[in-house]
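Report on one structure; see the data block that follows.
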Amino acid sequence: MAEEADVIVVGAGLSGLVAATEIADAGKRVIVVDQEGEQSLGGQAFWSFGGLFLVDSPEQRRLGIKDSYELAMQDWLGTAGFDRDEDYWPRQWAEAYVAFAAGEKRDWLRAMGHRIFPVVGWAERGGYDAMGHGNSVPRFHVTWGTGPGIVEPFERRAREALKSGR
Ligand SMILES: Cc1cc2nc3c(=O)[nH]c(=O)nc-3n(C[C@H](O)[C@H](O)[C@H](O)COP(=O)(O)OP(=O)(O)OC[C@H]3O[C@@H](n4cnc5c(N)ncnc54)[C@H](O)[C@@H]3O)c2cc1C
Numbered sequence: 005m006a007e008e009a010d011v012i013v014v015g016a017g018l019s020g021l022v023a024a025t026e027i028a029d030a031g032k033r034v035i036v037v038d039q040e041g042e043q044s045l046g047g048q049a050f051w052s053f054g055g056l057f058l059v060d061s062p063e064q065r066r067l068g069i070k071d072s073y074e075l076a077m078q079d080w081l082g083t084a085g086f087d088r089d090e091d092y093w094p095r096q097w098a099e100a101y102v103a104f105a106a107g108e109k110r111d112w113l114r115a116m117g118h119r120i121f122p123v124v125g126w127a128e129r130g131g132y133d134a135m136g137h138g139n140s141v142p143r144f145h146v147t148w149g150t151g152p153g154i155v156e157p158f159e160r161r162a163r164e165a166l167k168s169g170r
């Protein structure tokens with residue numbers, strides 16, 4: 005297998021599909037291996053609610069929800085409680101992910117045909133003020149079509165890559 009591909013991705017859940025399709029679109033050849041059959045493509049995400057963490061989105065603004073990178077970071081840090089040396093990489097990941105969610109994430113998905121149900125939910129509410137744990141404002145953006153709707157763009161891209169031999 006290693007001779008037939010540049011990268012081997014183990015797991016065809018959403019994380020594996022995102023990685024595989026980004027690698028294939030960069031012109032590399034990818035093999036995706038999963039313990040389950042092709043009918044289970046997308047893994048848990050297919051059965052999920054498809055609720056996405058986005059920050060300062062047009063959907064939030066339309067509902068009068070004031071959100072920002074800074075507030076989302078404060079909520080994340082209030083929940084994570086990073087206070088050890090080994091929290092270095094989780095903190096780096098948190099900063100990168102919140103920046104992604106406040107930046108290119110929505111447009112990146114939208115360009116693939118992903119759409120959002122126009123009511124923002126309030127999952128992982130946690131504590132009751134902005135300094136405590138959990139989301140201090142609603143950030144749960146439900147994918148139009150729920151779980152299958154979040155898997156669909158990546159499954160489509162994976163099948164296109166398959167057709168073109170990547
Ligand atoms: C009912 C439900 C609702 C949810 N709702 C939401 C939601 O609204 N919002 C949200 O953000 N999250 C939600 N989640 C969580 C979210 O769906 C998962 O965190 C996410 O889909 C995990 O993706 P993954 O690719 O990391 O893992 P998985 O989807 O678990 O994929 C892992 C893949 O690896 C394969 N695999 C594992 N071990 C091996 C092995 N040794 N060899 C080969 N293959 C292997 C598995 O077969 C599987 O296909 C929900 C989950 C469920 C179950």
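Residue numbers for the sequence shown follow my numbering, so the first one is 5 and each next one is one higher.
Backbone N, C-alpha and C define an ideal beta-carbon position, used for all residues, glycine too.
Should residue i go down as buried or exposed, given a rule of 16 or more other Cβ atoms within 10 Å for buried?
i                : result
phenylalanine 86 : exposed
glycine 46       : buried
tryptophan 80    : buried
valine 123       : exposed
arginine 65      : exposed
arginine 119     : exposed
Compare the beta carbon distance of residue i and residue j with 8 Å and say whether it is the shorter of the two.
i            : j           : result
glycine 117  : proline 142 : no
alanine 23   : valine 13   : yes
alanine 76   : alanine 100 : no
threonine 25 : alanine 165 : yes
Per DSSP, residue i is paired with what?
i             : result
isoleucine 35 : Ile12
leucine 56    : His145
glutamate 124 : According to the sequence as given, residue 124 is valine; it is not glutamate. Per DSSP, His145.
glycine 17    : Gly46
Report, in whole angstroms, the separation of the C-beta atoms of residue i and residue j, which I expect to be a contact under 8 Å.
i           : j                 : result
glycine 138 : threonine 83      : 6 Å
valine 37   : alanine 28        : In fact, because the Cβ distance is near 15 Å, the residues do not count as touching under 8 Å.
valine 155  : phenylalanine 121 : Going by Cβ atoms, the distance from valine 155 to phenylalanine 121 rounds to 16 Å, so no, they are not a contact pair.
lysine 32   : valine 59         : No, lysine 32 and valine 59 are not in contact; Cβ-Cβ is about 31 Å, not under 8 Å.
glycine 125 : glycine 55        : 7 Å
Legend entry - Test item, CB below 6 Å from any non-hydrogen atom of ligand 1: Val14, Gly15, Ala16, Gly17, Leu18, Ser19, Gly20, Val37, Asp38, Gln39, Glu40, Ser44, Gly47, Gln48, Ala49, Trp51, Ser52, Phe53, Gly54 and Gly55
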